[in-house]
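> In this text, residue positions in the sequence shown follow this note's numbering: the first is 198, and each later residue adds one. Ideal Cβ placement from N, Cα and C applies to all residues, glycine included. Here it is, the structure in full.
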Amino acid sequence: MAGVYIHIPFCASRCIYCDFFSSTDSSWRGRYVDAVCREWTMRRHELEGEPVETLYFGGGTPSTLMPAEREQLFQALAEGIDWKACREVTYEANPDDVTPEFIASLKDTPVNRLSMGVQSFSDADLSFLHRRHTSRAAVEAVERCFAAGYDNLSIDLIYGLPGQTIEGWRANLRQALALGVPHISAYNLIYEEGTALWSMRERGLVKECDEELSLQMFDELIDRLAAAGYEHYETSNFARDGRYARHNTSYWKGTPYLGLGAAAHSYDGRTRRFNPASLSEYIGAIQTGRVAYAEERESADSLYNERILTSLRTCWGLDLSRLRADFGEARAQYCLEQAQPHIRAGRLALDDGILRITRAGLFTSDDVMSDLFWVD
Ligand code: SF4
198 MAGVYIHIPF
208 CASRCIYCDF
218 FSSTDSSWRG
228 RYVDAVCREW
238 TMRRHELEGE
248 PVETLYFGGG
258 TPSTLMPAER
268 EQLFQALAEG
278 IDWKACREVT
288 YEANPDDVTP
298 EFIASLKDTP
308 VNRLSMGVQS
318 FSDADLSFLH
328 RRHTSRAAVE
338 AVERCFAAGY
348 DNLSIDLIYG
358 LPGQTIEGWR
368 ANLRQALALG
378 VPHISAYNLI
388 YEEGTALWSM
398 RERGLVKECD
408 EELSLQMFDE
418 LIDRLAAAGY
428 EHYETSNFAR
438 DGRYARHNTS
448 YWKGTPYLGL
458 GAAAHSYDGR
468 TRRFNPASLS
478 EYIGAIQTGR
488 VAYAEERESA
498 DSLYNERILT
508 SLRTCWGLDL
518 SRLRADFGEA
528 RAQYCLEQAQ
538 PHIRAGRLAL
548 DDGILRITRA
558 GLFTSDDVMS
568 DLFWVD
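The structure is reproduced here in structure tokens:
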């Protein structure tokens with residue numbers, strides 16, 4: 198089984214915290230869609246005949262594409278993807294793009310899951326983050342999706358905003374739960390170098406949320422969502438009724454995927470490929486029949502470290518017998534020895550050969566995982 202990711206690097210405006218590759222210049226869109234279709238034809242053999250089980254349109258803002266552009270992409274992808282075997286087709290959308298016309302235009306496509314960048318239900322937060330939509334627009338967008346039968350719906354939220362209070366975060370969670378979406382992703386606000394938010398902090402215009410308050414918000418998130426029946430299946434992801442994000446879950450489980458478009462990454466189990474984060478470079482290469490990716494062959498050490506990182510982020514944990522089979526006795530022993538102090542301190546639990554981060558270990562999970570890394 199394999200996954201396909203398609204990057205749509207266009208946004209109507211830039212949010213202050215975002216470091217994803219995207220452009221506000223929509224004049225590239227037509228040439229870009231042509232290039233992605235051509236890249237699929239040129240590269241689909243890299244999947245080595247594996248059936249495509251998940252397809253994900255991320256961005257940027259995929260919902261900025263015109264219906265005809267979406268149609269062109271799906272027609273190209275149909276050469277190689279059997280829609281009946283493709284279990285999950287996710288399309289990211291900004292709430293203000295989710296109009297009745299947008300939903301209607303999805304009806305004849307294989308899209309069966311929508312992921313919406315809500316980020317907050319507070320208009321003050323949304324305006325601070327330079328999001329285009331209002332809280333009301335987000336609520337209406339979710340309701341519109343449900344009414345149209347798109348019940349496999351995910352929303353993204355951000356916490357730890359400057360000036361955000363625990364009460365403000367609780368109000369966000371109450372609203373998210375009231376909507377009844379089956380999947381919620383929630384991330385602590387990160388200050389990425391090169392973003393407007395980063396320079397605002399450098400200039401003393403914003404003050405980072407206190408770490409203790411951020412942890413309290415994370416705690417609140419886990420408790421409230423657990424009480425509402427959501428499974429905390431990955432550090433930042435919660436699902437009800439088994440509605441996991443299959444595509445992202447396959448990343449965490451090491452399934453091969455092909456990434457199409459500017460700045461997209463691919464992984465075949467041995468090698469990572471990185472498309473250029475430049476519209477002109479990406480389109481220029483494809484137009485001349487070349488694929489312009491950079492390649493990095495994974496060493497055994499980096500594959501081992503990746504396994505630690507991705508497995509321990511999930512509720513399925515790290516299977517030590519698989520680790521032993523894939524990386525040898527020495528590394529499995531090393532992992533177990535490094536884990537011991539954390540097991541004694543209650544940050545890791547070992548059950549039936551599966552190592553998992555405990556609730557107590559979640560708050561320091563980066564430190565726990567880095568202690569298990571193999572460093573020469
Ligand atoms: S957060 Fe999303 S909508 Fe905002 S600039 Fe980044 S990719 Fe675009």
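Here's the rule: buried if 16 or more other CB atoms are within 10 angstroms of the residue's CB, otherwise exposed. What is A491?
By 1-based counting over the sequence shown, the position of residue 491 is 294. That one is exposed.
> Measure the alpha-carbon distance for C512 versus E428 and round it to whole angstroms.
Translated into positions along the sequence shown, residue 512 becomes position 315. Translated into positions along the sequence shown, residue 428 becomes position 231. Distance between the alpha carbons of C512 and E428: 9 Å.
> Does the Cβ of N385 lie closer than 7 Å to at least one heavy atom of the ligand SF4?
By 1-based counting over the sequence shown, the position of residue 385 is 188. Every heavy atom of the ligand SF4 is 7 Å or more from the Cβ of N385, so no.
> Starting from the C-beta of H380, find all residues in its chain whose C-beta is less than 6 Å away, skip the five residues before and the five after it, and write them out in chain order.
Translated into the one-based positions of the sequence shown, residue 380 becomes position 183. So the list reads S351, A436 and R440, once near-sequence residues are dropped.
> To which residues does DSSP link L311 through a beta bridge?
In the sequence shown, counting from the first residue as 1, residue 311 sits at position 114. Paired residue(s): Y288 and L350.
> Can you give the Cα-Cα distance for V558 and M566, rounded to whole angstroms?
If you number the sequence shown from 1, residue 558 lands on position 361. If you number the sequence shown from 1, residue 566 lands on position 369. The question names Val, but residue 558 is Gly in the sequence shown. Rounded to the nearest angstrom, the two C-alpha atoms are 10 Å apart.
> Note down, one range per segment and in chain order, each alpha helix (DSSP H) of at least 4 residues found wholly within the region 408-473.
The region 408-473 contains these whole alpha helix (DSSP H) runs: 408-424 and 443-449.
> What residues are listed by DSSP as bridge partners for N502?
As a first step, residue 502 is located in the sequence shown; it is residue number 305 there, counting from the start. Note: N502 sits in no beta bridge, so no partner.
> Roughly how many angstroms lie between the CA atoms of P292 and M313, to the nearest whole one?
Taking the sequence shown and counting its residues from 1, one reaches residue 292 at position 95. Taking the sequence shown and counting its residues from 1, one reaches residue 313 at position 116. Cα to Cα, P292 sits roughly 6 Å from M313.
> If you reduce the DSSP assignment to three classes, tell me which class Y214 lands in.
The residue given as residue 214 occupies position 17 in the sequence shown. Three-state result, Y214: coil.
> Please confirm whether Y464 and Y454 have their CB atoms less than 8 Å apart.
Indexing the sequence shown from 1 puts residue 464 at position 267. Indexing the sequence shown from 1 puts residue 454 at position 257. Their beta carbons are under 8 Å apart, which means Y464 touches Y454 by this criterion.
> Under 7 Å Cβ to Cβ from T306, same chain only, skipping five residues before and after it: list those, please.
Here the question's residue 306 lines up with position 109 in the sequence shown. Hits under 7 Å: R267 and F271.
> Return the Cβ separation of A460 and A474 in integer angstroms, given the expectation that the two are a contact with Cβ distance under 8 Å.
The sequence position of residue 460 within the sequence shown is 263, counting from 1. The sequence position of residue 474 within the sequence shown is 277, counting from 1. The pair is a contact, with the Cβ atoms about 4 Å apart (cut-off 8 Å).
> Return yes when the C-beta of Y309 is under 7 Å from any heavy atom of the ligand SF4, and no when it is not.
Reading the sequence shown from its first residue, position 112 is the one you call residue 309. Looking at the sequence shown, residue 309 is not Tyr but Asn. Outside the cutoff, so no.
> For the ligand SF4, is there any heavy atom lying closer than 7 Å to the beta carbon of G391?
Reading the sequence shown from its first residue, position 194 is the one you call residue 391. No; taking the cut-off as 7 Å, the Cβ of G391 has no heavy atom of the ligand SF4 nearer than that.
> Provide the residue span of the alpha helix (DSSP H) that contains P382, from first to last.
By one-based count along the sequence shown, residue 382 stands at place 185. According to the sequence displayed, residue 382 carries Ser and not Pro. Note, S382: premise wrong, no alpha helix (DSSP H); beta strand (DSSP E) at H380 to N385.
> For I551 and L515, which I take to be in contact (beta-carbon distance under 8 Å), what is that distance rounded to the nearest angstrom?
As a position in the sequence shown, residue 551 is number 354, starting the count at 1. As a position in the sequence shown, residue 515 is number 318, starting the count at 1. Indeed they touch by this definition, with Cβ atoms about 7 Å apart.
> Give me the Cα-Cα distance between T249 and E534, rounded to the nearest whole angstrom.
On the sequence shown, position 52 is the one that residue 249 refers to. On the sequence shown, position 337 is the one that residue 534 refers to. Checking the displayed sequence, the identity of residue 249 turns out to be Val instead of Thr. So the alpha carbons of these two residues sit roughly 38 Å apart.
> Measure the C-alpha to C-alpha separation of E243 and V201 and round it to an integer number of angstroms.
As a first step, residue 243 is located in the sequence shown; it is residue number 46 there, counting from the start. As a first step, residue 201 is located in the sequence shown; it is residue number 4 there, counting from the start. Using only the alpha carbons, I get a separation of about 11 Å.
> Below 8 Å on the Cβ atoms is my guess for I205 versus G256; work out the distance and round it to an integer in Å.
Reading the sequence shown from its first residue, position 8 is the one you call residue 205. Reading the sequence shown from its first residue, position 59 is the one you call residue 256. At roughly 5 Å, the Cβ-Cβ gap stays under 8 Å, so I205 and G256 are in contact.
> Reducing DSSP to helix, strand and coil, say where G255 ends up.
Here residue 255 is taken as the residue at index 58 of the sequence shown, counted from 1. Strand, per DSSP.
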